[in-house]
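Novice:
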Amino acid sequence: MFKQIAIIGAGTMGYGIAFQFAQNYQNVILVDQSEDALVKAKEKIEKYAEIFHRKDPVQYPHAHEIMKQLTFTTSINDAAEADLVTECVVEILDVKQRLFKEMDEFFPEDTIFVSNTSSLKLTDIIRDVRKHRSRSLLTHWFNPAHIVPLVELLQTHETDPAVYAKVKQFLTHCGKVTIDVKKELPGLVANRIQIAMAREVLSLLEDEVASMEDIDRAVAYGPGFRLAQSGLLEIMDFGGLDVWVKVMEQLQPAIASGIKEYPALQSKVEAGKFGVKNGEGFFSYPNGSMDDYIFERDERLIDQLILKSK
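Under our numbering, think of the first position of the sequence shown as 0, with each following residue one higher.
(1) Within this structure, are the beta carbons of Ile125 and Asp82 separated by less than 8 Å?
(2) At 3 residues or longer, and completely inside the segment 160-228: list those beta strand (DSSP E) runs for me, N to C.
(3) Would you tell me roughly how many angstroms separate the C-alpha atoms of Pro107 and Val275, rounded to the nearest one?
(4) Once the 5 residues before and after Phe141 are set aside, which same chain residues still bring their CB inside 6 Å of it?
(5) Taking the alpha carbon of Glu64 as the reference point, which residue from Ala48, Thr72, Tyr292 has its own alpha carbon closest?
(6) Tell me which residue opens and which closes the beta strand (DSSP E) that Phe71 is part of.
(7) Taking the Cβ atom as the reference point for each residue, do Ala144 and Gly15 lie within a distance shorter than 8 Å?
(8) Taking the alpha carbon of Phe281 as the point to measure from, which residue in Ile234, Asp215, Arg225 has its own alpha carbon closest?
(9) When you compare each of Ala227, Gly257, Met0, Glu80 to Ser308 by their alpha carbons, which one comes out closest?
(10) Report yes if the CB atom of Cys87 is closer than 8 Å to the CB atom of Ile28, and no otherwise.
(11) Going along the chain, which unbroken runs of the beta strand (DSSP E) with 3 or more residues stay wholly within the segment 103-146?
(12) To the nearest angstrom, report how far apart Met0 and Ala21 are at their CA atoms.
(13) Note down, in chain order, each residue of its chain lying with its Cβ closer than 8 Å to the Cβ of Lys218, except the 5 sequence neighbours on either side.
(14) If you pair each beta-carbon of the segment 90-99 with each one of the segment 117-136, do three or more pairs fall below 8 Å?
(15) Please classify Glu151: is it buried, with 16 or more other beta-carbons within 10 angstroms of its beta-carbon, or exposed?
(16) Please list, in chain order, all residues of the same chain as Val188 whose beta carbon is under 8 Å from its beta carbon, the five residues on each side excluded.
(17) How big is the Cα-Cα spacing for Ser256 and Glu233?
(18) Between Leu318 and the rest of its own chain, which residues show a CB-CB distance below 6 Å, the 5 nearest in sequence each way excluded?
(19) Run through DSSP, which three-state label would Thr11 get?
(20) Kindly indicate which three-state DSSP category Ile254 falls into: helix, strand or coil?
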């Protein structure tokens, strides 16, 4: 469907998106200004390819098959023939605006541009785009991009519907589950739902309703267990909408809904406890590097992905 795909930015999201496309035998060029970032991306892609193939050698190709689909480069000139470009650079508006302006001047008019963002507006990102306005859209992947199935799609009023449909069809072909976001709003859909849950979790923690461990168990083995198979609206259908009306009436007044800082979170950040990245957040991560913990988590997610696909 696309002769060549360029991914600009080899960080957490970029290498994962590149992996997903290469795993589906697409020709991918991964571009980053940092040679070190490209080396790390290559190492991670090889390791994930080995994990996927080991867990299901029938469904997932061998690592060397995936690596044959990939080119790693520090020069965007090497991606001149790309007909689909996915931007995965830092979440800073003026950085993305400059990149899209450069892309607009560099790539042929028939190249499709997509941005992977949920915190910035697509209309702001493409402010200086001229030639490609009708061929620009948003595809928001979730971390880890090569495991979590969901991709949220958003178009502007100028996006060509045929372009949008082509990208949507292609993502489905590559094994992703897509949704259409019909309004441009901060956080799109899934992140807004996640933030609502985080707000209540932090309130429960600060009110000492339960320990950190038990709050996480409540999420993972209660709603989370069901949410792995059903969306919330379907869960409501099974519970009975008449019941949910009463539950909403009774609980909404007691649920956290204001805009506030959460000391339980803020105090951790002020103490330099950022989570897995430096060994301690709400919980401690004393053994191994951040990558070790991420690979351990992702192996569990891959098991879940394989189980759900069967």
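Ideal Cβ positions, reconstructed from N, Cα and C, are used throughout, including at glycine.
All values reported here derive from a predicted model rather than from experimental measurement.
Specialist: The relevant details are as follows:
(1) no
(2) 176-179
(3) 42 Å
(4) Val147, Leu149
(5) Ala48
(6) 69-72
(7) yes
(8) Asp215
(9) Ala227
(10) no
(11) 111-114, 135-140
(12) 13 Å
(13) As written in the sequence, residue 218 is Val, which differs from the Lys given in the question. Met196, Val200, listed in sequence order.
(14) yes
(15) buried
(16) Glu151, Ile178, Val180
(17) 24 Å
(18) Residue 318 cannot be examined here, being either before or after the span of the chain that is shown, 0 to 309.
(19) helix
(20) coil
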